[in-house]
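Undergrad:
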Amino acid sequence: MGIFIETERLRIVPLTAAQLKLWTTDIVALEGELSCSYHAEPLSDVFSSIVEGQIIKVTEDESNWLFHTFWFAILKDESIAIGSLCFKSAPNNAGEVEIGYGLAKEFEGNGYMTEAVGAICSWAKAQDGITHIIAETEKDNPQSQRVLERCGFVIYKRDDAIWWRF
Numbered sequence: 171m172g173i174f175i176e177t178e179r180l181r182i183v184p185l186t187a188a189q190l191k192l193w194t195t196d197i198v199a200l201e202g203e204l205s206c207s208y209h210a211e212p213l214s215d216v217f218s219s220i221v222e223g224q225i226i227k228v229t230e231d232e233s234n235w236l237f238h239t240f241w242f243a244i245l246k247d248e249s250i251a252i253g254s255l256c257f258k259s260a261p262n263n264a265g266e267v268e269i270g271y272g273l274a275k276e277f278e279g280n281g282y283m284t285e286a287v288g289a290i291c292s293w294a295k296a297q298d299g300i301t302h303i304i305a306e307t308e309k310d311n312p313q314s315q316r317v318l319e320r321c322g323f324v325i326y327k328r329d330d331a332i333w334w335r336f
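Position 19 of the sequence shown, counted from 1, bears residue number 189 in this note's numbering, the numbering being contiguous throughout.
What follows is the structure, encoded as structure tokens:
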């Protein structure tokens, strides 16, 4: 099936450029290709534009495509895509990558995102040249802050947001 990360309850799958395009244009075809049903966050116009921008990055920087794409968190037993994760770009000169993630509301409170973030961070730390994983949370998002705390992130900066490092 290709590259993926497996946890106790999840299969975390990176989307190819073609799969990213399907995510924005034909979700039914993407569900068929990934053998799952999509119940993750709906693609707003803004988020769809972000995904389309990542398609270009995945295509132009093939050696780092795993750091430019979105990864789906799929419940193994039910074959349901419940959320997505991404690295916002390839590692910078300091070896840092920034992580982002989102989960469908109906699946919150079950530890799924903590499980997914922990797994993808372990994968990233095992890659050559990665020294830290960073994340930004809004000050009024305690759920996301708890995910990062549970995964071993620590706060290293506060400004308009809270910045975390693993």
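Heads up, the beta-carbon is just placed ideally off N, CA and C, and yes, glycines get one too.
1) Which residues in the same chain as residue 206 place their Cβ atom closer than 7 Å to its Cβ, once the five residues preceding and following it in sequence are excluded?
2) What residue range does the beta strand (DSSP E) around residue 305 cover?
3) DSSP on residue 332, reduced to helix/strand/coil?
4) With a threshold of 6 Å on Cβ separation, who are the neighbours of residue 266 within its own chain once the five nearest residues in sequence on each side are excluded?
5) Which word fits residue 195, buried or exposed, when buried means at least 16 other C-beta atoms lie within 10 angstroms of its C-beta?
6) Check whether chain C comes within 9 Å of residue 321, counting only Cβ atoms and requiring the distance to be less than that.
7) When DSSP labels each residue in this structure, what does residue 185 get in the three-state scheme?
8) Scan the segment 234 to 315 and note each continuous beta strand (DSSP E) run of 3 residues or more that stays entirely inside, going in chain order.
9) Between the alpha carbons of residue 171 and residue 213, how many angstroms are there, rounded?
10) If you follow the alpha helix (DSSP H) that residue 217 is in, where does it begin and where does it stop?
11) With DSSP as the reference, identify every bridge partner of residue 180, one or two as the case may be.
TA: Answer, in terms of the structure:
1) By one-based count along the sequence shown, residue 206 stands at place 36. For residue 206, where only same-chain residues beyond five positions count, the Cβ hits under 7 Å are 244, 249, 250 and 251.
2) Translated into the one-based positions of the sequence shown, residue 305 becomes position 135. Run containing residue 305: 302 to 308, per the beta strand (DSSP E) assignment.
3) Taking the sequence shown and counting its residues from 1, one reaches residue 332 at position 162. Strand, per DSSP.
4) The residue you call residue 266 lines up with position 96 of the sequence shown. Hits under 6 Å: 302 and 304.
5) Here residue 195 corresponds to residue number 25 of the sequence shown, with the count starting at 1. Per the 10 Å Cβ criterion, exposed.
6) Of the protein chains in the structure, only one exists, and it is not chain C.
7) Counting from one through the sequence shown, the residue named residue 185 turns up at place 15. Looking at residue 185 - three-state DSSP - the assignment turns out to be coil, as it is neither helix nor strand.
8) 240 to 245, 250 to 257, 266 to 273 and 302 to 308
9) As a working mapping, residue 171 is identified with position 1 in the sequence shown. As a working mapping, residue 213 is identified with position 43 in the sequence shown. Since pLDDT at residue 171 reaches only 48, below the 50 mark, its modelled position is unreliable, and no value is offered.
10) As a first step, residue 217 must be located in the sequence shown, where it is residue number 47. That run of the alpha helix (DSSP H) goes 215 to 230.
11) Position 10 of the sequence shown holds residue 180. 245, per the DSSP bridge assignment.
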